[in-house]
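Input: a single structure, listed below in structure tokens.
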Amino acid sequence: MDPLRQSPSPSSSQASSPRTLSCERLGYVGIEAVLDQLKIKAMKMGFEFNIMVVGQSGLGKSTMVNTLFKSKIWKSTMPGLRVPTPQTLQLYSMTHVIEENGVKLKLTVTDTPGFGDQINNDKCWDPILGYINEQYERYLQEEILITRQRHIPDTRVHCCIYFVPPTGHCLRPLDLEFLQRLCRAVNVVPVIARADSLTIEEREAFRHRIQDDLKTHSIEVYPQKCFDEDINDKILNSKIRERIPFAVVGADREHMVNGRCVLGRKTKWGIIEVENMAHCEFPLLRDLLIRSHLQDLKDITHNVHYENYRIIRLKESHALPRGPGWVDLAPAPSPAPGPAPTGTRASPGPAKVCRWAEDNSDEDF
Amino acid sequence: MASEVARHLLFQSHITTKTAHTSSQVSDHEQKQKESPRSLTMSGHVGFESLPDQLVNRSIQQGFCFNILCVGETGIGKSTLIDTLFNTNFEDHESSHFYPHVRLKAQTYELQESNVRLKLTIVNTVGFGDQINKEESYQPIVDYIDAQFEAYLQEELKIKRSLFNYHDSRVHVCLYFISPTGHSLKTLDLLTMKSLDSKVNIIPVIAKADAISKTELQKFKIKLMSELVSNGVQIYHFPTDDETIAKINASMNGHLPFAVVGSMDEVKVGNKMVKARQYPWGIVQVENENHCDFVKLREMLICTNMEDLRDQTHTRHYELYRRRKLEEMGFMDVGPENQPLSLQETYEAKRHEFYGERQRKEEEMKQLFVQRVKEKEAILKEAEREASAKFEHLKRVHQEEKLRLEEKRRLLEEEIIAFSKKKATSEIYQNQTFMTPGSNLRKDKDRKNSNFM
Chain A
1 MDPLRQSPSP SSSQASSPRT LSCERLGYVG IEAVLDQLKI KAMKMGFEFN IMVVGQSGLG
61 KSTMVNTLFK SKIWKSTMPG LRVPTPQTLQ LYSMTHVIEE NGVKLKLTVT DTPGFGDQIN
121 NDKCWDPILG YINEQYERYL QEEILITRQR HIPDTRVHCC IYFVPPTGHC LRPLDLEFLQ
181 RLCRAVNVVP VIARADSLTI EEREAFRHRI QDDLKTHSIE VYPQKCFDED INDKILNSKI
241 RERIPFAVVG ADREHMVNGR CVLGRKTKWG IIEVENMAHC EFPLLRDLLI RSHLQDLKDI
301 THNVHYENYR IIRLKESHAL PRGPGWVDLA PAPSPAPGPA PTGTRASPGP AKVCRWAEDN
361 SDEDF
Chain B
1 MASEVARHLL FQSHITTKTA HTSSQVSDHE QKQKESPRSL TMSGHVGFES LPDQLVNRSI
61 QQGFCFNILC VGETGIGKST LIDTLFNTNF EDHESSHFYP HVRLKAQTYE LQESNVRLKL
121 TIVNTVGFGD QINKEESYQP IVDYIDAQFE AYLQEELKIK RSLFNYHDSR VHVCLYFISP
181 TGHSLKTLDL LTMKSLDSKV NIIPVIAKAD AISKTELQKF KIKLMSELVS NGVQIYHFPT
241 DDETIAKINA SMNGHLPFAV VGSMDEVKVG NKMVKARQYP WGIVQVENEN HCDFVKLREM
301 LICTNMEDLR DQTHTRHYEL YRRRKLEEMG FMDVGPENQP LSLQETYEAK RHEFYGERQR
361 KEEEMKQLFV QRVKEKEAIL KEAEREASAK FEHLKRVHQE EKLRLEEKRR LLEEEIIAFS
421 KKKATSEIYQ NQTFMTPGSN LRKDKDRKNS NFM
């Protein structure tokens with residue numbers, strides 16, 4: 001901190017409301033120390049991240065989770081799962097605390113064994129939607145208490161990874177139904193599972209077909225186009241959007257390749273390295289989820305999906321008259337358990353949510 | 001209404017049974033893990049150590065918000081100190097001493113340092129301590145702080161809200177300027193601080209500290225702190241729970257209240273230009289730790305504890321305000337039979353009550369109105385009747401008058417006729433006495449008379 005430095009810093013050129021004035025400072029003050037304060041506070045509090053994996057059994061969900069977090073979150077042979085597949089979809093949640101370089105992360109993984117495994121898979125997404133809404137409900141109940149806790153425990157699902165089976169053709173009806181419903185309630189990242197059964201060309205073709213399918217049915221997966229805030233975000237996210245869905249391979253065994261110890265799957269014709277970009281796109285998925293967009297996932301869940309849920313819940317239990325600017329909430333074709341319809345379109349971005357708030361500025365409590 | 005409440009309760013119970021159902025499916029092993037998440041060691045580098053950086057990047061994008069409230073008498077050096085703290089000339093004019101009431105003036109500025117954008121709002125009390133009767137001096141300040149909390153609460157309770165780009169105007173810190181008398185706190189200061197301490201973080205500073213000598217300053221500080229403690233005023237203490245800053249914060253806590261000097265004028269000392277105040281007997285350097293505590297204040301306020309101040313405002317003061325406000329409106333977390341009440345239920349009940357009340361009042365007013373109209377009508381009718389009665393009466397009187405007058409006229413006319421007859425006969429009689437010499441004339445006269453008769 002050199003208080004005697006005289007170099008004037010450029011005045012702020014941000015667009016501000018007419019009341020605010022931008023001032024030219026004449027020297028160093030020390031405002032940027034607030035970033036360090038933020039970091040210290042965040043490291044002390046720790047982070048939370050909740051992830052859900054959805055897909056048919058045998059697609060490698062548990063292995064993928066183990067590979068992502070490089071630890072045995074799920075034991076590779078779970079005694080419960082050797083039992084013949086249950087008649088109904090069940091959700092298993094496990095919470096772990098992992099630490100890296102002083103950063104503590106409380107990770108909750110929710111698995112969905114039994115999804116899409118029955119003969120009649122109608123409404124198999126209901127328990128999942130119900131679980132997601134239940135987490136929102138829990139948070140909402142905590143938030144509207146009179147004496148509420150200092151830090152509300154966040155169990156809301158931040159990201160849902162959907163495993164698409166590697167048929168090579170296109171998205172199946174079950175996939176489409178599920179994605180359509182879930183994209184409105186949570187951030188969904190579709191991945192092509194077991195991608196080692198497809199060649200590179202087949203992968204590309206499959207990927208393009210899936211992208212077309214998604215566009216035709218207007219399914220907005222993460223990263224959603226409407227939430228791009230500025231040009232940097234747009235550029236970064238469009239690169240990601242070109243590669244969605246990632247073709248991934250999961251492995252939790254290590255093998256020796258060229259003297260290095262790598263995670264991979266050993267087959268008779270070679271070793272598929274998980275972290276090798278030429279073999280599969282697992283590094284992209286990991287970077288997206290953990291290294292670059294984790295905070296963004298949490299922000300969108302909190303600012304958009306949770307707010308949408310809150311609006312629906314508050315409106316229906318107050319039965320307020322519909323004023324101008326009220327979004328037409330078409331109920332979902334199959335309602336989740338509980339009266340909350342999840343049929344809101346996730347298309348309203350943060351800017352749009354803001355506009356509605358301005359329109360209804362006189363809508364009181 | 002009752003059906004909605006019932007539906008809501010049903011939904012709540014439905015959800016709880018669902019949770020029970022799913023959690024009962026989970027095996028005992030995992031049940032235990034749900035309660036206490038176990039630690040896991042990773043076998044490689046995952047990469048979430050960048051999480052704090054992601055958080056910081058998002059905060060940089062959003063920008064920071066900081067609101068300072070300066071309370072102190074006019075002319076004590078509030079604006080100068082803020083200018084010196086942020087190294088910027090915010091505004092120039094001095095305020096007058098003749099305001100009849102205390103007002104608060106808020107100004108927002110945008111500062112930028114490297115890549116950090118700070119939206120700084122300075123709220124000044126104008127006219128504090130100037131009035132002759134100072135009883136109402138601190139009320140506008142308390143009202144302002146409450147109004148900011150209220151605005152945030154309203155936004156938070158809205159159905160369609162946008163909290164993430166809401167311009168937070170809640171006061172994060174209050175710099176209370178104590179005048180350097182050297183003796184003790186003034187009564188006004190005590191009263192104001194007592195009414196503010198549960199609403200905002202107060203940092204007391206001794207203004208114009210170059211008016212006190214060093215030994216007096218020590219005694220003054222001790223006196224002030226003991227007065228604050230004995231009167232139960234809770235000022236802001238720098239947090240000492242984090243090891244990295246605990247030591248420095250603890251030592252700073254011992255230097256409270258800071259004795260500060262503000263100045264934007266530059267004076268040459270040695271071979272450097274420093275901010276200072278020049279007196280005939282010497283130069284008081286603002287950034288010299290031996291001369292005043294300005295550097296300590298800047299360090300504590302901005303560099304070390306800005307985030308904590310904002311945190312305290314949100315989690316302690318705002319939550320207290322929110323709780324009080326909601327309880328005042330009649331909401332509770334626990335109902336009469338210790339059943340957890342939801343906000344919605346209470347709201348519905350209250351709304352029902354309110355509407356019923358309003359309905360009743362409307363009825364009352366309607367009835368009152370109808371009654372008044374009837375009364376007025378009756379009065380008007382009465383008046384009309386009276387008027388017509390009077391008219392009849394007058395008409396009758398007039399008729400009678402007319403008849404009487406007719407009668408009189410007739411009588412009068414008869415009298416005239418009688419009189420003229422008499423006159424005629426008397427003239428004939430007179431003529432007869434004069435007519436004995438000539439009878440022609442009499443015949444003429446007779447003829448005339450007969451014509452006349």
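Residue numbers (full-length UniProt numbering), protein chains in the order written: chain A, 1 to 365; chain B, 1 to 453. The beta carbon of each residue, even a glycine, is placed where N, CA and C say it ideally should be.
Residue 59(A) is positioned such that its CB atom lies closer than 8 Å to that of residue 194(A). With a threshold of 16 other beta carbon atoms within 10 Å, residue 217(A) falls short and is exposed. By the neighbour-count criterion, in which 16 or more other beta carbons inside 10 Å mark a residue as buried, residue 39(B) falls on the exposed side.
Residue pairing from DSSP places residue 204(B) in a beta bridge opposite 176(B). The beta carbons of residue 164(A) and residue 190(A) sit closer together than 8 Å.
Listed by position along chain B, the residues whose Cβ is nearer than 7 Å to that of residue 39(A) are 52, 56. Nearest CB-CB separation between residue 80(B) and chain A: not below the 8 Å threshold. Neighbours of residue 291(A) in chain B, taken as residues at a C-beta separation under 8 Å, are given in chain order as 47, 48, 50.
By a beta-carbon distance limit of 8 Å, residue 70(B) contacts residue 125(B). Their separation comes to about 7 Å. Under the Cβ criterion of 8 Å, residue 258(A) is not counted among the residues facing chain B. Residues 170, 172 of the same chain have their beta carbon placed closer than 6 Å to that of residue 313(B), with the five preceding and five following residues left out of the count. Look at residue 69(A): its C-beta is under 8 Å from a C-beta on chain B. Around the beta carbon of residue 204(B), a 10 Å sphere encloses 16 or more other beta carbons of the protein chains shown; the residue is thus reported as buried. Taking 8 Å as the threshold, the shortest C-beta distance from residue 64(B) to chain A falls below it.
Taking a cut-off of 8 Å for Cβ pairs, the region 315 to 326 of chain B and the region 143 to 153 of chain B touch, as three or more such pairs fall below it. Boundaries of the alpha helix (DSSP H) around residue 214(A): 200 to 216. Straight across, the Cα-Cα distance linking residue 78(B) with residue 39(A) is about 32 Å. For residue 102(A), same chain residues with a beta-carbon under 7 Å away, outside a window of 5 residues either side, are 43 in chain order.
Look at the region 215 to 280 of chain B and you find these whole runs of beta strand (DSSP E), each 3 residues long or longer: 266 to 269, 272 to 279. Among the residues of chain A, none has a CB under 9 Å from the CB of residue 265(B); the nearest is roughly 12 Å distant. The Cβ atoms of residue 190(B) and residue 142(B) lie no closer than 8 Å to each other. In this chain, the beta strand (DSSP E) harbouring residue 125(B) covers 116 to 126. Positions of the alpha helix (DSSP H) runs, each at least 4 residues long and wholly inside the region 270 to 324 of chain A, are given as 282 to 286, 294 to 300, 306 to 318 in order along the chain. Listed by position along chain B, the residues whose Cβ is nearer than 7 Å to that of residue 234(A) form an empty set, because the closest Cβ is around 14 Å away.
By alpha-carbon distance to residue 212(B), the top candidate from 181(B), 201(B), 286(B) is 181(B).
Within a 10 Å sphere around the beta-carbon of residue 292(B) sit 16 or more other beta-carbons, which makes this residue buried. DSSP places residue 107(A) in the strand class (E or B) of the three-state scheme. Per DSSP, residue 306(B) has no beta-bridge partner at all. Contact check for residue 272(A) against residue 264(A) passes: the beta carbons are separated by less than 8 Å. Taking the Cα positions, residue 262(A) is about 8 Å away from residue 275(A).
Listed in chain order, the non-local C-beta contacts of residue 210(A) below 8 Å within the same chain comprise 164, 170, 171, 190, 192, 245, local neighbours out to five positions each way being set aside. Counting only Cβ-Cβ distances below 7 Å, residue 116(B) has contacts in chain A at 31, 32, 34, 35, in chain order. For residue 244(B), the nearest beta carbon of chain A is closer than 8 Å to its own beta carbon. In the structure shown, residue 110(B) falls within a strand segment according to DSSP collapsed to helix, strand and coil. Contact check for residue 275(B) against residue 286(B) passes: the beta carbons are separated by less than 8 Å. Only buried fits residue 209(B), as 16 or more other CB atoms lie within 10 angstroms of its CB.
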